[in-house]
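What follows is one structure encoded as C-alpha cells, with my remarks underneath.
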C-alpha cells in the first residue's frame, strides 16, 4: 500500500515536472510553429465531425427529455433555456473533452509511446532536439486552443439539434421563442465557465497523453497499456476538474 | 606545444556505476581533430555508454568530459541540445524516424540546426536543403530511396541512411554506435568503406564502437582515393609510420580501458582479453 502511494506521488511529481517544462518551453526558443499548426489540424479540424455529431445528439436528447418533463408542468417554453444552460455550462465542454480525450489523448500516447519504445525519442535527443519542446509543447498549445473552439461548435450544433426537436418536431414553442429564451438564459458566468473548462481540459488531455506516451516501457504491449492509461486518466481528470470549477463558480 | 590542436573530445577520469556494476571506470582519453578511434570490447563492457556520455545522453558520476572545448559534464540537459547538434551520431539500430520519409530523415538535422541555430560556423549552403540531402544520399548510394519510408528498405540500407543523416551537416565529429552489428559481412564492409570514405574526404574525427575487429582493421589499413574513387590499402611503410597513423584502438573491459594503441600494437598484445578481439573472427 505504501509502495503504491509512493509510486503514485512520484508519478504525479514527474507529471508536474513535464507540465512545468512544457509550459516554460512556450516562452523559450526554438519554437516549432509548423508542429503546432499540424497538431491543431489533427486535433482540432480532425475532431470536428465527431464533435458535431455528439453535440447535435446531446442537444436533441436533452430537448426530447426536457420537453416531456416540462410540459407536464406547463413549462414547455423553458426547454430552450434549459438546453442552453446545460450545454454551455456542462455537457458541451465535458462531452467534447471526453471525445477528444478518447480520440487524441490516446493518439498522442500511442504515437509518443511507439517513438519511445523504438528509441526514436533518444535519437531525437542525440540529434540535438529537446523532445519536450518538439513533441509536448506543440500538442499542449494546439489542444488548449482547439478544444474551446470545438466546444463552441458543439454548443452551437447542440442548440440547433434541440431547436429541431422542440420546434419542428414537437411544436413545443415557436422558433423565435426558442432562440430568444435560450439566449437570454445564458449569463456571462455561464459563457466564461463554458470556455475556461475546455481550455483547462485541453491542457490536461495533451499533458496526460504526452506523459503516458513518454514513459512507455516494454514494447508494443507497453504502448497499448500507455494508451489505455492515458484515456482513463484524462477522463478522470476531466470529471475532477469539472467538479472543482463548478464548486468555484457556484460559490460566486 | 602550441602547435598541438585542441582535442575534440576529452575524457578525464570519468566513472559511472550502476549499482555494483561499473559502466565506466576511471576512463581518460583524448580524440584530436581528424583522428579515428575504434572502441572494441565485449557486450556490456561500457562501449555504448562511453559513446553516449560524449554527448551527455548518459550523465556520469565523476570526472569531466569536454566536447568541442565545452564541458559536457557541467552543462544542463537544456544547454546540451545545441552542442549535440554539432556532432553526428549513428545509432545502433539506425534510430530513424519511421513516420518521416528517408529524405525527411536526412533533412532533419539540417532543419534542426536551422531552428536551433546551433552552429555559427559553416552556415547552410545557398539553395534548398533538398539538393544537399540528395547529395548526401548519393554519397551513401541511396538517392533512389528519397521518397521511401525506412520500413520499406533493408536493414543495411537503413544503416546507410543513418550515416547519411549523421554526416549531412558536415560535423567535425561523428560517433558510430556498432554500425555493422547484425549485418552480413558484405554489407558490413560496404558500411565501413562508406565510413572510411567519409573520413578521408572531409577529415572528420570518428569514434567507432564495434565488436568486429575487421571494422577497425579496415579503418586503419585503407584510405579512400578520391581520384580512383575507391578504397586503397595503405602500403606497409605507410602503415608503420607513426606520424601518419590516425587510427588508434581502445579495448574496454568492465568499464575500463585495458588497451590503447595502434593496430600493430594491438595485434602484438599478449593480454588474453585483448587477443580475443584480434584473433576472433566474427
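Chains as they are written, first to last, in our numbering: chain A, 1 to 252; chain B, 1 to 282.
For glycine and all other residues, C-beta sits at the position ideal for the given N, C-alpha and C.
For the beta strand (DSSP E) that residue i lies in, which residues bound it at each end?
| i | result |
| --- | --- |
| residue 18 of chain B | 9 to 18 |
| residue 62 of chain B | 62 to 67 |
| residue 232 of chain B | 230 to 233 |
| residue 147 of chain A | Careful: residue 147 of chain A lies outside any beta strand (DSSP E), inside the alpha helix (DSSP H) at 137 to 164. |
| residue 256 of chain B | 256 to 261 |
| residue 248 of chain B | 247 to 253 |
| residue 29 of chain B | 21 to 31 |
| residue 39 of chain B | 36 to 41 |
| residue 177 of chain B | 173 to 177 |
| residue 88 of chain B | 88 to 90 |
| residue 206 of chain B | 205 to 209 |
How would you list, in chain order, the residues of chain A whose beta-carbon sits under 7 Å from the beta-carbon of residue i?
| i | result |
| --- | --- |
| residue 108 of chain B | 127 |
| residue 82 of chain B | 128 |
Can you name the residues of chain B whose CB is closer than 8 Å to the CB of residue i?
| i | result |
| --- | --- |
| residue 119 of chain A | 91, 93 and 95 |
Quick one: what's got a C-beta closer than 6 Å to residue i's C-beta in the same chain, skipping five residues either side?
| i | result |
| --- | --- |
| residue 249 of chain A | 193 |
| residue 225 of chain B | 232 |
| residue 42 of chain A | none |
| residue 18 of chain B | none |
| residue 111 of chain B | none |
| residue 280 of chain B | Its pLDDT being 49, under 50, residue 280 of chain B is placed unreliably in this model, and the value from its coordinates should be taken loosely. No residues qualify anywhere along the chain. |
| residue 9 of chain B | 31, 54 and 67 |
| residue 32 of chain A | 134 and 138 |
So, at 8 Å on beta carbons, what are the nonlocal neighbours of residue i in its own chain, with the 5 sequence-adjacent residues on each side left out?
| i | result |
| --- | --- |
| residue 28 of chain A | 133 |
| residue 25 of chain A | 130, 132, 133, 136 and 137 |
| residue 121 of chain B | Bear in mind that a pLDDT of 45 at residue 121 of chain B, under 50, signals an unreliable position, so the model cannot answer this. |
| residue 186 of chain A | 84, 85 and 88 |
| residue 191 of chain A | 88 |
| residue 241 of chain A | 197, 200, 201 and 204 |
| residue 177 of chain A | 77 and 80 |
So which residues on chain A does residue i lean against when the C-beta distance must stay under 8 Å?
| i | result |
| --- | --- |
| residue 204 of chain B | Within 8 Å Cβ-Cβ: nothing; residue 204 of chain B doesn't reach chain A, min ~17 Å. |
Counting only beta-carbon separations shorter than 8 Å, does residue i have a partner in chain A?
| i | result |
| --- | --- |
| residue 289 of chain B | Residue 289 of chain B cannot be examined here, being either before or after the span of chain B that is shown, 1 to 282. |
| residue 330 of chain B | A query on residue 330 of chain B cannot be resolved here, the shown segment of chain B reaching from 1 to 282 and no further. |
| residue 158 of chain B | no |
| residue 39 of chain B | no |
| residue 57 of chain B | yes |
| residue 98 of chain B | yes |
| residue 155 of chain B | no |
| residue 85 of chain B | yes |
| residue 189 of chain B | no |
| residue 112 of chain B | yes |
| residue 78 of chain B | yes |
| residue 121 of chain B | Because the pLDDT at residue 121 of chain B is just 45, under 50, the model does not fix this residue reliably, and the value given afterwards should be weighed accordingly. Chain A contact via Cβ: absent. |
Any Cβ of chain B within less than 8 Å of the Cβ of residue i?
| i | result |
| --- | --- |
| residue 226 of chain A | no |
| residue 122 of chain A | yes |
Just to confirm the assignment, what range does the alpha helix (DSSP H) spanning residue i have?
| i | result |
| --- | --- |
| residue 132 of chain B | 129 to 139 |
| residue 88 of chain A | No alpha helix (DSSP H) holds residue 88 of chain A; DSSP gives it neither H nor E. |
| residue 2 of chain A | 2 to 26 |
| residue 197 of chain B | 185 to 202 |
| residue 122 of chain A | 120 to 126 |
| residue 219 of chain B | 213 to 221 |
| residue 68 of chain A | 48 to 71 |
| residue 180 of chain A | 175 to 185 |
So, residue i versus residue j, is the Cβ gap smaller than 8 Å?
| i | j | result |
| --- | --- | --- |
| residue 31 of chain B | residue 60 of chain B | no |
| residue 210 of chain B | residue 38 of chain B | yes |
| residue 212 of chain A | residue 101 of chain A | no |
| residue 234 of chain A | residue 159 of chain A | no |
| residue 45 of chain B | residue 26 of chain B | no |
| residue 185 of chain B | residue 208 of chain B | no |
| residue 127 of chain A | residue 171 of chain B | no |
| residue 139 of chain A | residue 210 of chain A | yes |
| residue 44 of chain A | residue 92 of chain A | no |
| residue 40 of chain B | residue 213 of chain B | yes |
| residue 82 of chain A | residue 66 of chain A | yes |
| residue 216 of chain B | residue 24 of chain B | no |
| residue 205 of chain A | residue 105 of chain A | yes |
Excluding the 5 residues flanking residue i on each side, which residues of the same chain have their C-beta closer than 7 Å to its C-beta?
| i | result |
| --- | --- |
| residue 145 of chain A | 40 |
| residue 69 of chain B | 6 |
| residue 125 of chain B | Because residue 125 of chain B sits at a pLDDT of 48, beneath the cut-off of 50, its placement in the model cannot be relied upon, and the point is left open. |
Can you pull the chain B residues whose beta carbon is under 7 Å from the beta carbon of residue i, in chain order?
| i | result |
| --- | --- |
| residue 30 of chain A | 115 and 116 |
Answer yes or no: the CB of residue i versus the heavy atoms of the ligand SAH, is any distance below 7 Å?
| i | result |
| --- | --- |
| residue 207 of chain B | Among the ligands in the structure shown, none appear at all, so the ligand SAH cannot be discussed. |
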